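Numbered as in my numbering, the sequence shown ends at 260 without a single skipped number.
We put the CB at the ideal spot given by N, CA and C, even for glycine.
All of these numbers come straight from a predicted model, not from anything done at the bench.
Accompanying notes for the structure given below.
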Amino acid sequence: MTRAVAVITGASRGIGLALAREFARQGHALFLVARGIDQLERVALEIERDFGVKVYAAGLDLLDSAASAGLADLLAARRLHADVLINNAGLSLLSPLDKTPLDEALRVVDLNVRAATALTMAFLPGMVKRGHGAVLNVASLAGLVPVPNMAVYGASKSYLIALSRALDAELRGTGVHVSVLAPGPVRTGMLSGMGLDSGERLGWRVLALRPEMVARVAYDGLFARRGMITPGLFGWLAAVGIGSLPGAAVLRLAGWAVRARRAG
């Protein structure tokens, strides 16, 4: 017999940490992955103390293809299996493409696209064989609209949205489902890194959601088998509104929002 765990990547901070705490609150054993093992082990101990669940931790850099390829084997060696996989680890990039170093752009593609795909392909066969399981891919509203100065980041999130929706259709009848989380601005370090956490010109502080709220909505949506999860009124309105606007208008609006925010 093997023990079921929820595997969460990028679990030491931000949305990943909030998801880890929410899944633990709901009684799931966890297998957490992040680059920094010291911080991750502190998180694991805190979650075990707060919620009384078993938490495993692995310090892995998923930019290393061997690390992402070997994660399923690492679980098997500990007699564990994933009944939930959350592909949360990711990199952001806010930069005009012609001024972006190639290696920086490809790192975003490598982590956001390749690693998430590799992990999904590694764990999916076991879920299908057991007849149950769930995958949650963490994307962004930026994946629903082409945003100037975020071309590579947005494209990587568009990939996750398309992958998730196609896989969910492929897996009907298997007992396995795939959801994609597409939040708007969230109060995390990623928002700070993109320069979107200060100033009031566009009200980003008001619009940005708390990670804990996003995690609760994501948990409920995943187990309600919702294909697309867009937390908050802003997320829902943006997702609906984007679909009703002409493409050129969306591009102009998105470009103006980013330029105005950076100027503010």
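message = Does any residue of chain B have a CB that is nearer than 7 Å to the CB of residue 51?
response = Of the protein chains in this structure there is only one, and it is not chain B.
query = Using a Cβ-Cβ cut-off of 6 Å (strictly less than) and excluding sequence neighbours within five positions of residue 215, which residues of its own chain qualify?
reply = Mapped onto the sequence shown, residue 215 falls at position 219. Result list for residue 215: 18, in chain order.
ask   = Taking 6 Å as the line, does the beta carbon of residue 61 fall inside it for any heavy atom of the ligand GDP?
value = As presented, the structure is devoid of all ligands, the ligand GDP included, so that no description of it is given.
task = Report the option in 100, 66, 226, 15 whose CA atom is closest to the CA atom of residue 139.
result = One-based indexing of the sequence shown puts residue 139 at position 143. For residue 139, the nearest C-alpha among the options comes from 226.
Residue span of the beta strand (DSSP E) that contains residue -1, given as start and end = For this step, residue -1 is matched to residue 3 along the sequence shown. -1 to 5 is the extent of the beta strand (DSSP E) around residue -1.
request  = Check each candidate in 97, 163, 204, 92 and name the one with the smallest Cα separation from residue 180.
outcome  = On the sequence shown, residue 180 is found 184 positions in, with the first residue counted as 1. Nearest of 97, 163, 204, 92 to residue 180, Cα basis: 204.
query = Three-state secondary structure (DSSP) at residue 214?
reply = Working through the sequence shown from its first residue, we reach residue 214 at position 218. Looking at residue 214 - three-state DSSP - the assignment turns out to be helix.
message = Tell me the rounded alpha-carbon separation between residue 346 and residue 91.
response = Given a span of -3 to 260 for the chain in the structure shown, any question on residue 346 remains unanswerable.
query = So residue 148 packs on residue 11, CB below 8 Å; how close in whole Å?
reply = Residue mapping note: residue 148 aligns to position 152 of the sequence shown, counting from 1. Residue mapping note: residue 11 aligns to position 15 of the sequence shown, counting from 1. At roughly 20 Å, the Cβ-Cβ gap does not stay under 8 Å, so residue 148 and residue 11 are not in contact.
request  = Could you check how far apart the C-beta atoms of residue 83 and residue 63 are, in whole angstroms? I think they sit under 8 Å.
outcome  = Here residue 83 corresponds to residue number 87 of the sequence shown, with the count starting at 1. Here residue 63 corresponds to residue number 67 of the sequence shown, with the count starting at 1. In fact, because the Cβ distance is near 14 Å, the residues do not count as touching under 8 Å.
task = Have a look at 9, 40, 154, 1 and flag the residue whose alpha-carbon is nearest the alpha-carbon of residue 270.
result = The shown model of the chain, from -3 to 260, leaves out residue 270, and the question about it has no answer.
query = Where does residue 32 fall in DSSP's three states?
reply = For the purposes of this step, residue 32 is taken as the residue at position 36 of the sequence shown. Residue state, collapsed to three classes: coil.
task = Kindly indicate the opening and closing residues of the beta strand (DSSP E) around residue 53.
result = In the sequence shown, counting from the first residue as 1, residue 53 sits at position 57. That run of the beta strand (DSSP E) goes 51 to 55.
message = Check this for me: beta carbons of residue 26 and residue 16, under 7 Å apart or not?
response = The residue you call residue 26 lines up with position 30 of the sequence shown. The residue you call residue 16 lines up with position 20 of the sequence shown. A contact, by the Cβ cut-off of 7 Å.
message = Below 8 Å, how does it come out for the segment 34 to 42 and the segment 100 to 111: are there three or more Cβ pairs, yes or no?
response = no
Same chain, Cβ closer than 6 Å to residue 51, neighbours up to 5 away in sequence not counted = Position 55 of the sequence shown, counted from the start, is the residue given in the question as residue 51. Counting only Cβ-Cβ distances below 6 Å, and skipping sequence neighbours, we find 26, 40, 43, 44.
inquiry  = Measuring straight from C-alpha to C-alpha, what distance separates residue 143 and residue 176?
reply    = Residue numbering aside, residue 143 sits at position 147 when the sequence shown is read from its first letter. Residue numbering aside, residue 176 sits at position 180 when the sequence shown is read from its first letter. Their backbone Cα atoms lie some 19 Å apart in a straight line.
request  = Out of 94, 100, 169, 110, state which residue places its alpha-carbon closest to the alpha-carbon of residue 126.
outcome  = If you number the sequence shown from 1, residue 126 lands on position 130. Measuring from the Cα of residue 126, the nearest candidate turns out to be 169.
message = Looking at the secondary structure, which residues open and close the alpha helix (DSSP H) in which residue 69 lies?
response = Within the sequence shown, residue 69 is the residue found at index 73, counting from 1. That run of the alpha helix (DSSP H) goes 61 to 73.
ask   = In terms of residue numbering, what span does the beta strand (DSSP E) encompassing residue 76 cover?
value = Taking the first residue of the sequence shown as position 1, residue 76 is located at position 80. Residues 76 to 83.
query = Closest to residue 24 by CA distance: which of 116, 224, 76 is it?
reply = Counted from its first residue, the sequence shown places residue 24 at position 28. Nearest option by C-alpha distance: 76.
ask   = Does the distance from the CB of residue 286 to the CB of residue 174 come in under 7 Å?
value = Residue 286 is absent from the structure shown; the chain starts at -3 and stops at 260.
ask   = residue 175 by DSSP, collapsed to three states: which one?
value = Against the sequence shown, residue 175 aligns to sequence position 179. In the structure shown, residue 175 sits in a strand (DSSP, three-state: E or B).
query = So what does DSSP say about residue 195, is it helix, strand or coil?
reply = Within the sequence shown, numbered from 1, the residue matching residue 195 stands at position 199. For residue 195, the pLDDT reaches just 43, beneath the cut-off of 50, and the residue's location in the model is therefore unreliable, although a value from the coordinates is still provided. Coil at residue 195, not helix or strand.
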